Amino acid sequence: MSDNIAVNLQNGVLSLRLDRPAKKNALNGAAYGALSDQLLRAGEDREVRAVLISAEGPDFCAGNDIMEFPAMAAHKGAPEDMPVFRFLKALTFFAKPLVAAVQGQAVGIGTTMLLHCDQVWLGPDARLSLPFVRLGLVPEAGSSLLLRQRIGHVRAFDWLTSGRVIDAETALGWGLANGICDGETLGDKAQAAADRLTQLSPQAVVHTKALMRNPDQVWQHILREGAIFRQQLASPEAQAAFAAFASRG
Ligand code: COA
């Protein structure tokens, strides 16, 4: 699919499947655009009761498409004009339940988007990493706020600065996921979880989510992070990291 997202609506569950396995489902502008459009439409569509985010291939998502960082650094307009920020805004303010199924690598935004999901199911091979600081960048998607709230400052700071990879058991132990399913059943388990959400009172579910999240605060934090992230894209450390990735043999 040209925008790298496969979409399917069935029995009240909108499935958004990252579909660029040859590039480890790295998210480019087209993918962010499609995800934003789908979330905005799903928010309005009474038929949609839950959204399931999953991915094709052995890995969930290798993060932002590194080859597109230079264009992001050169962007002079408002953040909301950038596909990645459109996506983050749509995700932050999405009022209905979000369920994710994660196998293999989940890097950068592949992990931070999970902090906006209401249920996260992991394959036993899931590997979550936040390499921002190692790349000369800073956390995004509200993760410097949401992660601290979720796992506490000490663990969040260590994870964000070390860039280390955490496995599924660790993520579960830290409260970042609902459960670990074997690779064969991951998709079915996440689908069943999303299906169950569609059987509940839609308004009660939406109100419950709204009571538990603070999208206005998170969005302001995302804009703060984003301003520094964009500055850091031009830093020598980030430039060197991008050049090294581009010239890999
Ligand atoms: N942006 C663009 N392309 C990416 C990518 C990314 N974030 N991550 C992987 N790819 C591409 C690779 O360039 C490669 O393309 P090619 O086959 O045309 O050369 C392909 O996806 C497969 O990646 P590869 O690195 O060979 O797979 P791997 O299994 O050895 O490693 C990762 C997987 C995810 C560990 C590794 O690809 C990686 O570290 N990617 C970068 C992650 C990152 O730093 N993201 C930004 C976070 S802010």
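Mind the numbering: the sequence shown is residues 0 to 248 in numbering that gives the first Met the number 0, read in order.
Glycine is no exception: its CB is placed at the ideal position from the N, C-alpha and C atoms.
Nothing here was measured: the structure is a model prediction, and the numbers come from that model.
CB residue i to CB residue j, shorter than 8 angstroms?
| i | j | result |
| --- | --- | --- |
| Asn24 | Asp58 | yes |
| Glu67 | Asn7 | no |
| Asp18 | Ala29 | no |
| Thr197 | Gly42 | no |
| Leu171 | Gly182 | no |
| Ala94 | Ala209 | yes |
| Arg149 | Leu114 | yes |
| Pro270 | Phe84 | Residue 270 falls outside the range modelled here, since the chain spans only 0 to 248, and no answer is possible. |
| Gly151 | His220 | no |
| Ile108 | Gly76 | no |
| Leu145 | Val204 | no |
| Ala193 | Val98 | yes |
| Leu129 | Leu175 | no |
| Gly225 | Cys180 | no |
| Phe250 | Leu90 | Here the chain comprises residues numbered 0 to 248, so residue 250 is not present and cannot be evaluated. |
| Ala189 | Leu51 | yes |
| Arg16 | Glu55 | yes |
| Met71 | Leu232 | yes |
| Pro214 | Phe92 | yes |
| Ile165 | Leu127 | yes |
| Glu139 | Thr110 | no |
Can you check DSSP and say which residues form a bridge with residue i?
| i | result |
| --- | --- |
| Leu8 | Leu13 |
| Asp181 | None, per the DSSP bridge assignment. |
| Gly165 | For the sequence presented, residue 165 should be read as Ile rather than Gly. Paired residue(s): Leu127. |
| Gln118 | Val98 |
How close, in whole Å, do the beta carbons of residue i and residue j come, if the pair is a contact with beta carbons under 8 angstroms?
| i | j | result |
| --- | --- | --- |
| Gly162 | Arg133 | 4 angstroms |
| Ala49 | Gly186 | That pair is no contact at about 15 angstroms. |
| Ser14 | Ser53 | 7 angstroms |
| Pro69 | Phe241 | 7 angstroms |
| Ala191 | Ala125 | Between Ala125 and Ala191 the Cβ distance is about 18 angstroms, and since that is not below 8 angstroms, they are no contact. |
| Phe96 | Asp117 | The sequence given here has Pro at residue 96, not Phe. About 5 angstroms; that satisfies the 8 angstroms criterion. |
**OP:** Kindly provide the ranges of any beta strand (DSSP E) runs that are 3 or more residues long and lie completely inside the stretch 16-65, ordered along the chain.
**Re:** 49-54
Original post:
Considering only residues of the stretch 85-109, which uninterrupted beta strand (DSSP E) runs meet the minimum length of 3 residues and lie entirely inside it, listed in chain order?
Top reply: 97-101, 104-106
**OP:** Could you pull out every unbroken alpha helix (DSSP H) segment of at least 4 residues lying fully inside the stretch 125-159, listed in chain order?
**Re:** 142-150
Subject >> Sequence ranges, alpha helix (DSSP H) only - wholly within the stretch 173-245, length at least 4 >> reply: The qualifying runs are 185-197, 201-211, 214-232, 235-245.
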